[in-house]
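Numbering (the working numbering), first residue to last: 28 to 579.
Yeah, the Cβ is synthetic: ideal placement off N, Cα and C, and Gly gets one too.
Structure below.
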């Protein structure tokens, strides 16, 4: 941390000299780059900024206007303070000098006793050099630690977390499109800082590749913290930006050298990752994973994090979608790497489709499927828009007929995202085995399958089907005619024998005989309403299990 004007005034030579602050007390925290002894009236043009001037007042000789001009020129040149020794030129600092310094916020200090300026400069410069050495040593040490992390395989998110611990404040890494790739606070919180959205409204400007002094400062406003930032360059292309926020820190406390080294480490980490271009996508994966696991925080938190990734989920009706990629019957099984690559391509295609239709979406991969939270504006039916999105993304991703994309969907709200994703996943399971013309199954349209699909996640559905239909299935496995189609038609037509016989293409007498045989095998009256309900559910479960296992 740089030595400040206030800290210099606490050093022994100036305390013994009776240092008194006359103006600019609010800016005693300004960092001091160097200390100069200056007696020239036109010293300002020789300054580079960050200097603390020691003077006996000779340069301030002249009329009141010249003295005010002297202070203005020092402030314009970036001087951080003026220390005036009394007794040689002035018995007291003239009021016009005090007023001018106070108006410019320039710390003005008087020394009551004669002081050896060489002793002051020696002590101050020794302290400045010591701190610069400590800073350099710290920067080198942190650089080595980051390099070790990279060699151990640490990703960008882990490095950002390490930097947050080093700086003791929030650190945010965004890509060139201003999507937050990774963020972390000193308490290892990976949520985007609450003041980040306001901070993004502050003007940051631009830096050029390889330019000296590429670390920059943004001054805080009443609504947003300031930051120290550096652009991240990869192969002479600006890829993103690292922000070290001032939250909880004094202005100037963040070491620019350390920020520069941190930026270089992040660039190196991205170069070490083969898919550096997908960092933002992985950030989306992380938020999707948090939603799936129920760790996404409050609705406001998830909306803010999604917005930082470019997904404005408050701009329309929300729907959760789960997209599965699976092999059609008889196709060769996809290798894990091929499946992952297909899922990433599908997610990218879905993002493109969403943007083309004026929607917004958070899209990521979770497990072996693509999860999307889509905001659909306008008045077009959600089902129609989502069907188009999935169809277009599938056409852009899948070539050939060995694999296909199916999807499930469910209406969502900011406070029901986890449940909506679960329902969309259940609906996708139905779509995978439904064998119907629609690529997207909507949870609200599944009816009793909502229950059966949840049971199918474990052994319960198989046990239920077996307990209800086993005698019938065993008999149909060895004898003809099959009785399951008879039961299916009878239940479909609610016991209307004429309609069932017509569908089966048999005489009513034949139907009566088969129904009697079914009742004898099952030991139940198929005209009983409770029995019909149980058998209908069992047949639906049987159909789903058969389709899921690839059987007609």
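Item                                                                                                                         : Value
Neighbourhood of residue 528 by C-beta, 7 Å cutoff - its chain only, sequence neighbours within 5 removed                    : 534, 535 and 538
Inter-residue Cα distance where the pair is residue 500 and residue 468                                                      : 29 Å
Stretch pair the segment 243 to 252 + the segment 175 to 188: three plus CB contacts closer than 8 Å                         : no
Residue 254 - partner residues in DSSP beta bridges                                                                          : 245 and 272
Given residue 242 as reference, the closest of 207, 267, 284 and 211 once Cα atoms are compared                              : 284
Residue 78, buried or exposed, once every other Cβ within 10 Å from all chains shown has been counted against 16             : buried
Distance CB(residue 40)-CB(residue 147) smaller than 8 Å                                                                     : yes
Run of the alpha helix (DSSP H) containing residue 151, from where it starts to where it stops                               : 144 to 178
Neighbour-count burial assignment, residue 317, 16 or more Cβ in a 10 Å radius                                               : buried
Straight-line gap, residue 387 to residue 346 (C-alpha atoms, nearest Å)                                                     : 11 Å
Strand pairing of residue 110, partner residues [DSSP]                                                                       : 81 and 136
At least three beta-carbon pairs within less than 8 Å, the segment 70 to 77 to the segment 42 to 56                          : no
Contact check, residue 183 vs residue 191, beta carbons under 8 Å                                                            : no
Unbroken alpha helix (DSSP H) run spanning residue 127, endpoints                                                            : 122 to 131
N- and C-terminal bounds of the alpha helix (DSSP H) containing residue 365                                                  : 363 to 383
Residue 301 versus residue 295 - alpha carbon distance                                                                       : With a pLDDT of 47 at residue 301, under the threshold of 50, the modelled position of that residue is not reliable, and no figure is offered here.
Pairwise C-alpha distance: residue 100 and residue 92                                                                        : 12 Å
Touching by the beta-carbon criterion (3+ pairs, under 8 Å), the segment 324 to 331 and the segment 414 to 433               : no
Inter-residue spacing [alpha-carbon to alpha-carbon] between residue 473 and residue 448                                     : 15 Å
N-terminal and C-terminal residue of the beta strand (DSSP E) that residue 553 is part of                                    : Unbroken run through residue 553: none, as it is neither H nor E.
Cβ-based burial, residue 363 [other Cβ within 10 Å; buried from 16]                                                          : exposed
Host beta strand (DSSP E) of residue 469 (start-end)                                                                         : 467 to 469
Residue 413 to residue 482 span [Cα, whole Å]                                                                                : 27 Å
Residue of 259, 322, 144 and 488 minimising C-alpha distance to residue 443                                                  : 322
Neighbourhood of residue 258 by C-beta distance below 7 Å, restricted to the same chain and skipping five residues each side : 234, 241, 265 and 268
N- and C-terminal bounds of the alpha helix (DSSP H) containing residue 492                                                  : 487 to 503
Beta-carbon proximity list for residue 87, same chain, < 6 Å, skipping 5 on both sides                                       : 94 and 97
Stretch pair the segment 490 to 499 + the segment 433 to 441: three plus CB contacts closer than 8 Å                         : no
Residue of 167, 135, 104 and 81 minimising C-alpha distance to residue 141                                                   : 81
Per-residue burial, residue 160 [other beta carbons within 10 Å of its own, 16 or more giving buried]                        : exposed
Best match in 110, 156 and 130 for proximity to residue 139 [C-alpha to C-alpha]                                             : 110
Buried or exposed by the 16-neighbour rule on C-beta atoms within 10 Å, applied to residue 510                               : buried
Length of the line joining the Cα atoms of residue 513 and residue 402                                                       : 46 Å
Candidates 157, 336 and 475, of which the one nearest residue 224 by Cα                                                      : 336
Buried/exposed call for residue 151, threshold 16 Cβ in 10 Å                                                                 : buried
Of the residues 558, 383, 550 and 490, the one placed nearest residue 522, counting alpha carbons only                       : 558
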